[in-house]
Amino acid sequence: MDERVKRINELAQKSRTVGLTEEEKAEQQRLRQEYVKAFRAGLDGMLDGVFVAGQNGEAVPIKAYMKEKYGTKESK
């Protein structure tokens, strides 16, 4: 298991039992932000390899398809 996730879980448990210091709260927030950023980057990488059938049957990258169909922005 990722050490970051392990530490997030430790801090969450401590938060529920005895509470966290201000430094621990800041660490918890920072670790959570890092985790979410890494998760999104991994998901974004996986989506780069996903294709759907376009209107003419051609393979279209999912990001381009979603942008065209729903007007969504590409990932940050």
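Here the working numbering is used: the first residue of the sequence shown is 9, the next is one more, and so on. Note that beta-carbon positions come from the ideal geometry of N, C-alpha and C, so glycine has one too. For clarity, every value in this text was computed on a predicted model and none was experimentally measured.
In whole angstroms, give me the CA-to-CA distance for G79 and G27.
Between G79 and G27, the C-alpha separation is close to 44 Å.
Do you know whose CA, among P69, N64, A61, lies nearest M54's CA?
Cα-wise, what sits closest to M54 is P69.
Quick one: what's got a C-beta closer than 7 Å to V60's C-beta in the same chain, skipping five residues either side?
Only V68, I70, Y73 meet the Cβ criterion.
I believe L39 touches R12 by the beta-carbon criterion, under 8 Å. Please report the beta-carbon distance rounded to the nearest angstrom.
Between L39 and R12 a beta carbon distance of about 5 Å is seen, short of the 8 Å cut, so the two are scored as contacting.
For V68, does the three-state DSSP call read helix, strand or coil?
In the structure shown, V68 falls within a strand segment according to DSSP collapsed to helix, strand and coil.
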